[in-house]
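Trainee:
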Amino acid sequence: KQEVTQIPAALSVPEGENLVLNCSFTDSAIYNLQWFRQDPGKGLTSLLLIQSSQREQTSGRLNASLDKSSGRSTLYIAASQPGDSATYLCAVNRNRDDKIIFGKGTRLHILP
Amino acid sequence: EPEVTQTPSHQVTQMGQEVILRCVPISNHLYFYWYRQILGQKVEFLVSFYNNEISEKSEIFDDQFSVERPDGSNFTLKIRSTKLEDSAMYFCASYHGTQLFFGSGTQLSVL
Numbered sequence: 002k003q004e005v006t007q008i009p010a011a012l013s014v015p016e017g018e019n020l021v022l023n024c025s026f027t028d029s030a031i032y033n034l035q036w037f038r039q040d041p042g043k044g045l046t047s048l049l050l051i052q053s054s055q056r057e058q059t060s061g062r063l064n065a066s067l068d069k070s071s072g073r074s075t076l077y078i079a080a081s082q083p084g085d086s087a088t089y090l091c092a093v094n095r096n097r098d099d100k101i102i103f104g105k106g107t108r109l110h111i112l113p
Numbered sequence: 248e249p250e251v252t253q254t255p256s257h258q259v260t261q262m263g264q265e266v267i268l269r270c271v272p273i274s275n276h277l278y279f280y281w282y283r284q285i286l287g288q289k290v291e292f293l294v295s296f297y298n299n300e301i302s303e304k305s306e307i308f309d310d311q312f313s314v315e316r317p318d319g320s321n322f323t324l325k326i327r328s329t330k331l332e333d334s335a336m337y338f339c340a341s342y343h344g345t346q347l348f349f350g351s352g353t354q355l356s357v358l
């Protein structure tokens with residue numbers, strides 16, 4: 002059974018710092034991996050999607066990497082801003098239209 | 248940009264009452280899903296729906312739950328007799344080809 006773990010559970014950093022959020026999954030047979038952002042009491046916004054054949058994806062200040070064989074992904078946020086404060090969720094699926102399995106998330110707080 | 252729409256955004260109900268949560272998926276999408284998130288916990292899969300039938304359901308999705316696509320645009324989740332532990336944020340999602348799009352959720356509170 003696929004398990005997704007995210008470390009750390011919470012993180013506070015001063016504005017302007019670069020930071021890394023970690024995600025690990027137990028079954029390396031994934032189709033793709035997605036990173037989502039969730040603001041308190043709100044829905045899920047997809048940030049980056051990495052296909053299993055890819056190593057990384059970039060969008061603006063965000064860069065996500067995938068090491069499928071070791072079951073790991075990282076989300077790198079450059080030059081953090083207070084508006085980046087949110088919970089970041091990692092999720093994987095086994096097949097193209099299969100359900101996705103979420104981690105519990107990392108709650109990020111950027112200090113002004 | 249197309250989006251998945253969920254209504255209502257908040258629903259308060261008494262234990263034992265039936266609730267229907269509504270979703271309008273993105274129009275050309277073929278796969279539909281319901282997830283839920285109990286406060287402070289992981290987002291959990293409930294059910295997937297394709298070609299007018301359930302394709303997979305989790306152990307959470309017992310006979311108190313049902314889904315329907317009544318008119319080709321709406322996708323509904325019904326809880327027949329709500330329990331206190333059904334209180335959660337319920338997310339609808341739809342998929343076509345590449346990525347999953349989520350609605351903004353319905354916060355269900357069972358009193």
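Residue numbers (the working numbering), protein chains in the order written: chain A, 2 to 113; chain B, 248 to 358.
Positions of the beta carbon are idealized from the N, C-alpha and C atoms, including for glycine.
If you're wondering where the values come from, they're calculated on a predicted model, not measured in any experiment.
(1) Say whether the region 248-255 of chain B touches the region 287-300 of chain B, bearing in mind that this needs 3 or more beta-carbon pairs closer than 8 Å, one atom from each stretch.
(2) For residue 32 of chain A and residue 13 of chain A, which I take to be in contact (beta-carbon distance under 8 Å), what is that distance rounded to the nearest angstrom?
(3) Please list the terminal residues of the continuous beta strand (DSSP E) segment that includes residue 74 of chain A.
(4) Can you give me the Cβ contacts of residue 310 of chain B inside the same chain, cut-off strictly under 6 Å, excluding the 5 residues immediately before and after it?
(5) Residue 234 of chain B to residue 314 of chain B, Cα distance in whole Å?
(6) Which word fits residue 336 of chain B, buried or exposed, when buried means at least 16 other C-beta atoms lie within 10 angstroms of its C-beta?
(7) List the endpoints of the continuous beta strand (DSSP E) containing residue 295 of chain B.
(8) Measuring alpha carbon to alpha carbon, tell me which of A:5, A:26, A:16, A:20 ends up nearest residue 70 of chain A.
(9) In the DSSP assignment, what are the bridge partners of residue 11 of chain A?
(10) Name the chain A residues whose beta carbon is nearer than 7 Å to that of residue 280 of chain B?
(11) Which whole-angstrom value is the C-beta distance of residue 75 of chain A and residue 22 of chain A, which I expect to be below 8 Å?
(12) How about residue 80 of chain A and residue 35 of chain A: do their beta carbons lie closer than 9 Å?
(13) Does the beta carbon of residue 336 of chain B come closer than 9 Å to any beta carbon on chain A?
(14) What distance in whole Å lies between the Cβ atoms of residue 269 of chain B and residue 321 of chain B, which are believed to be in contact at a cut-off of 8 Å?
Mentor: From the atom records:
(1) no
(2) About 34 Å separates the two Cβ atoms, so there is no contact after all.
(3) 73-78
(4) none
(5) Absent from the structure is residue 234 of chain B, since the part of chain B shown begins at 248 and ends at 358.
(6) buried
(7) 290-297
(8) A:26
(9) A:108
(10) 100
(11) 7 Å
(12) no
(13) yes
(14) 6 Å
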